[in-house]
Amino acid sequence: MSQLNKYKRYTITSALPYANGPLHIGHLAGAYLPADIFVRYLRLMKKDVVYICGSDEHGAAITIKAKKEGTTPQAIIDKYHNQIKDSFEEFGIAFDIYHRTSSAIHHDLSQEFFLNLYEKGEFIEKYSEQYYDEDFDQFLADRYITGTCPVCSYDKAYGDQCENCGTSLNPTDLIDPISTLSSKKPVLKPTKHWYLPLDKYQPWLEKWIDEKEGEWKVNVFGQCRSWLKSGLQPRSMTRDLDWGIDVPLEEAKGKKLYVWMDAPIGYISATKQWATDNGKDWQQYWKKQANTEDDACLMHFIGKDNIVFHCIIFPAILKAHGDYILPQNVPANEFLNLEGDKLSTSRNHAVWLHEYLEEFPGKQDELRYVLTSILPETSDSEFTWKDYQARVNNELVAILGNYVNRVMILMHKYYEGKVESDNGVIKLSDAKVGAELGGYYDELGKSLESYRFRAGLQNVMDMARLGNRYLTEQEPWKTIKSDPEAAKTALHNSLILIGHLATCLQPFLPATAAKIFGMLNLDAVTFDQELEFSNGHQLNPAALLFEKVEDEAIEKQIQKLADKKAASAVVAKHVIAPAKANITFDEFVGLDIRTGTILTAEKVAKTKKLLKLTIDTGIDQRTVVSGIAEHYEPEAIIGKQVSILVNLEPREIKGIMSQGMILMAENAEGKLSFVTPADEMPNGSVIR
1 MSQLNKYKRY
11 TITSALPYAN
21 GPLHIGHLAG
31 AYLPADIFVR
41 YLRLMKKDVV
51 YICGSDEHGA
61 AITIKAKKEG
71 TTPQAIIDKY
81 HNQIKDSFEE
91 FGIAFDIYHR
101 TSSAIHHDLS
111 QEFFLNLYEK
121 GEFIEKYSEQ
131 YYDEDFDQFL
141 ADRYITGTCP
151 VCSYDKAYGD
161 QCENCGTSLN
171 PTDLIDPIST
181 LSSKKPVLKP
191 TKHWYLPLDK
201 YQPWLEKWID
211 EKEGEWKVNV
221 FGQCRSWLKS
231 GLQPRSMTRD
241 LDWGIDVPLE
251 EAKGKKLYVW
261 MDAPIGYISA
271 TKQWATDNGK
281 DWQQYWKKQA
291 NTEDDACLMH
301 FIGKDNIVFH
311 CIIFPAILKA
321 HGDYILPQNV
331 PANEFLNLEG
341 DKLSTSRNHA
351 VWLHEYLEEF
361 PGKQDELRYV
371 LTSILPETSD
381 SEFTWKDYQA
391 RVNNELVAIL
401 GNYVNRVMIL
411 MHKYYEGKVE
421 SDNGVIKLSD
431 AKVGAELGGY
441 YDELGKSLES
451 YRFRAGLQNV
461 MDMARLGNRY
471 LTEQEPWKTI
481 KSDPEAAKTA
491 LHNSLILIGH
501 LATCLQPFLP
511 ATAAKIFGML
521 NLDAVTFDQE
531 LEFSNGHQLN
541 PAALLFEKVE
551 DEAIEKQIQK
561 LADKKAASAV
571 VAKHVIAPAK
581 ANITFDEFVG
591 LDIRTGTILT
601 AEKVAKTKKL
611 LKLTIDTGID
621 QRTVVSGIAE
631 HYEPEAIIGK
641 QVSILVNLEP
651 REIKGIMSQG
661 MILMAENAEG
671 KLSFVTPADE
681 MPNGSVIR
């Protein structure tokens with residue numbers, strides 16, 4: 001029944017976290033916890049699997065962090081690589097290796113990749129005008145430039161991507177670009193770079209991705225198709241930077257590899273390092289074998305903001321190289337929100353993993369359970385501390401922990417913890433319970449193999465509910481006097497059920513599973529091993545698996561977030577965005593801003609941020625697509641008078657031709673508000 005037998009080996013990767021800050025729960029829910037669950041499941045199925053990750057230590061984000069902290073990029077990556085690595089280890093993410101892209105083996109392999117493509121003539125060499133900061137005398141890489149997104153009008157978009165609407169950008173796409181170094185408008189200056197012609201690979205990518213329909217998650221497949229529909233363009237694989245991997249060409253001195261060429265190769269270099277350390281052949285996990293049935297299955301676990309890089313750019317690089325297997329699946333998750341707001345590193349609105357581990361010692365599985373229960377598998381989801389408390393107390397304590405504790409206490413009370421039977425080996429003897437248990441195993445396998453980890457965890461919790469129900473029906477505390485053999489059978493069957501619970505909990509709650517096996521005095525078992533007790537088997541003492549989370553602990557965390565928010569707001573009040581570069585009077589009067597009234601409003605299908613508006617401008621009635629859906633319900637803004645830039649060049653957004661831009665004010669917390677006249681004015685009134 002399992003589809004896992006299609007492959008002899010599995011190469012599983014999680015997105016390489018930037019070594020410029022700590023981990024938060026959004027990172028866990030996006031790329032690491034789902035992969036860890038899947039890898040643990042593969043190991044229980046006795047599959048040959050290697051789980052790869054490491055710190056992404058190149059790119060502009062690192063140098064920006066170094067400048068902010070007044071230190072060097074090397075000091076930044078050393079600090080955060082160690083912190084991230086330690087947090088993963090303490091939390092229990094079961095990487096085979098956690099590597100780093102600053103290693104020599106990675107630099108060598110990345111340069112080897114570049115030269116392979118260069119010697120095949122895969123690159124387009126061309127001069128282009130790129131932004132240059134005259135004050136700092138340097139070209140500006142993507143993240144050194146911010147500006148207004150041409151798609152959703154978000155005014156803090158980066159030069160490579162808008163984090164508000166997810167659109168991938170080039171720096172020259174930005175409206176009113178600003179250098180993050182000098183806070184001034186950069187100038188355009190010619191520079192030579194090497195481009196990968198993604199448009200050349202578009203026909204192949206379309207065919208390859210079309211074959212994934214029904215196999216890839218709908219959110220992943222849909223985003224890929226949207227990208228392809230927009231048409232791919234050549235993308236530069238080199239950058240003018242002073243930090244990163246040198247472009248291995250004499251004529252390219254001072255230039256570095258584009259971080260999104262370098263970073264995914266980090267999966268391969270990490271595998272090479274792991275193989276060297278463990279006497280393995282790394283090529284079996286990455287390169288095409290003579291017999292295609294002997295190929296490995298490559299899978300990338302990522303967040304949705306990395307879909308384009310893992311589903312389009314990296315596959316194109318692998319295809320151009322020619323020797324490597326391609327990803328079979330990229331089960332990307334959406335975003336996790338926190339207490340009604342977006343997780344934000346810059347605003348410190350986050351539950352940081354290292355802080356959780358300090359403040360909730362020994363409660364890794366509680367966080368694993370809650371996050372798995374709310375994983376943003378196909379849409380955004382939300383973490384709240386009250387929900388954390390409710391799930392721990394009402395599910396882990398009251399259902400799972402309660403069942404295990406009741407059975408163990410009764411076994412020690414009546415039999416001094418000894419499992420004995422006149423029939424010798426003790427196995428599950430209730431056929432009805434066995435059939436129901438088998439059904440849960442089947443559903444668990446289907447859930448995990450289709451990357452529905454929330455459903456898989458529910459399958460395991462249903463096993464615990466089955467156990468509680470069975471114990472309540474059998475009432476061994478009553479039958480111990482009237483029918484002692486029936487009481488013993490009921491408790492023995494319950495012990496077997498607990499063993500199955502521990503087996504199936506291993507991918508989700510590994511520490512809890514280990515505790516249960518310890519109480520049962522059994523070695524951990526895999527899915528194909530029969531669970532039984534020998535006659536005379538001695539159980540270890542009962543111990544509580546979980547503790548109730550008290551109100552005081554939760555209120556402390558909620559207050560902590562409120563304090564951070566208040567502190568961030570105070571800082572924001574003192575950090576005013578710098579003035580943009582001066583414009584001439586003629587440029588100003590060229591902006592035709594009018595009053596208008598919203599006549600209709602509706603959400604744009606398959607988007608979370610966009611509204612389609614019909615606006616009476618006094619001149620005409622026109623359609624405008626605006627990125628305000630997370631701030632306003634459509635029906636609430638009908639009849640609202642707004643300010644609209646009417647002579648903005650029309651632009652197609654999600655298949656809709658947008659004919660203008662609504663003016664909005666934004667505060668430090670990202671809240672949007674309409675810019676409207678103090679008194680109602682006729683539609684079409686000129687705003688001067």
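Using the UniProt record's numbering, the first residue of the sequence shown is number 1, and each one after it goes up by one.
Glycine residues also receive a C-beta, built at the ideal position from the N, C-alpha and C atoms.
Keep in mind the model is a prediction, meaning the values are calculated, not measured.
Thinking residue i and residue j are a contact (beta carbons under 8 Å), I'd like their distance in whole angstroms, please.
i	j	result
Thr271	Ile12	With 8 Å as the limit, Thr271 and Ile12 do not qualify as a contact, their Cβ atoms being about 11 Å apart.
His310	Pro376	About 17 Å; that fails the 8 Å criterion.
Pro331	Leu44	Their Cβ separation, rounded to whole angstroms, is 19 Å, which puts Pro331 and Leu44 out of contact at 8 Å.
Asn306	Ala15	6 Å
Asn348	Ser568	6 Å
Leu437	His500	6 Å
Gly266	His99	7 Å
Thr614	Thr623	6 Å
Gln273	Ile105	6 Å
His300	Pro327	5 Å
For residue i, count neighbouring Cβ atoms within 10 angstroms of its own Cβ and tell me buried if that reaches 16, exposed if not.
i	result
Phe139	buried
Gly279	exposed
Val625	buried
Ile145	buried
Leu599	exposed
Phe469	The sequence shown places Arg at residue 469, rather than the Phe named in the question. Exposed, since its Cβ has fewer than 16 Cβ neighbours within 10 Å.
residue 695	Because residue 695 is not part of the residues shown, which for the chain are 1 to 688, the question remains open.
Phe517	buried
Lys256	buried
Lys68	exposed
Arg594	buried
Gln538	exposed
Ile583	exposed
Pro510	buried
Tyr127	exposed
Thr71	exposed
Please work out which residues of its chain come closer than 6 Å, Cβ to Cβ, to residue i, disregarding the five sequence neighbours upstream and downstream, and give them in chain order.
i	result
Trp352	Pro22, His24
Leu228	Glu206
Gly322	none
Glu382	Asn337
Ser168	Gln161, Val308
Phe546	Leu396, Val397, Gly401
Leu115	Pro248
His193	Ser236, Thr238
Lys488	none
Ile558	Trp385
Lys156	Thr146
Take residue i and list the residues in its own chain whose beta-carbon comes closer than 7 Å to its own, dropping the five residues that flank it on each side.
i	result
Cys504	Leu444, Val460, Met463
Ala94	Asp36, Val39, Arg40, Tyr51
Gln233	Leu198, Asp199
Near residue i, what residues of its chain come up, given a Cβ to Cβ distance below 8 Å and the 5 sequence neighbours on each side ignored?
i	result
Asn213	This sequence places Glu at residue 213; Asn is not what is there. Cβ within range, chain order: Phe221.
Leu471	Tyr403, Arg406, Val407, Ala490, Ser494
Val425	Glu532, Phe533, Ser534, Asn535
Lys103	Note on identity: in this sequence residue 103 is Ser, with Lys being the wrong assignment. Contacts found: Ser269, Gln273.
Leu412	Residue identity differs from the one stated: residue 412 is His in this sequence, not Leu. Cβ neighbours of His412 beyond the five flanking positions: Leu539, Pro541, Ala542.
Under 8 Å from any heavy atom of the ligand MG, does the C-beta of residue i make it?
i	result
Ser429	Absence of the ligand MG is noted for the structure shown, with no ligands found whatsoever.
Do we get a CB-CB distance below 9 Å when we pair residue i with the residues of chain B?
i	result
Lys413	Considering every chain present, this structure includes no chain B. It has just one protein chain.
Assess, as a yes-or-no matter, whether the segment 334-351 is touched by the segment 25-39 under the definition of 3 or more beta carbon pairs within less than 8 Å.
yes
Below 8 Å, how does it come out for the segment 639-648 and the segment 306-322: are there three or more Cβ pairs, yes or no?
no
Does the segment 126-146 touch the segment 236-245, meaning 3 or more C-beta pairs lie closer than 8 Å?
yes
Touch check for the segment 394-413 and the segment 538-545: three-plus C-beta pairs under 8 Å?
yes
Tell me whether the segment 409-428 and the segment 447-454 touch, counting them as touching only if at least three CB pairs, one residue from each stretch, are closer than 8 Å.
no
Please confirm if the segment 170-177 is in contact with the segment 207-215, defined as three or more CB-CB distances below 8 Å between the two stretches.
no
Are the segment 395-406 and the segment 465-482 in contact at 8 Å, needing three or more beta carbon pairs?
yes
Runs of 4 residues minimum, wholly inside the segment 548-627: which ones carry the alpha helix (DSSP H) assignment?
551-574, 585-589
Return the chain-ordered ranges of every alpha helix (DSSP H) run that is complete within the segment 68-120 and spans a minimum of 4 residues.
73-91, 104-119
Three or more C-beta pairs under 8 Å: does that hold for the segment 274-293 against the segment 188-198?
no
Would you call the segment 597-613 and the segment 629-640 in contact, with 3 or more CB pairs under 8 Å?
yes
Any 3 or more C-beta pairs closer than 8 Å across the segment 338-346 and the segment 383-391:
yes
Write down every uninterrupted run of the alpha helix (DSSP H) in the segment 304-338 whose length is 4 residues or greater and which is fully enclosed by it, in chain order.
314-321
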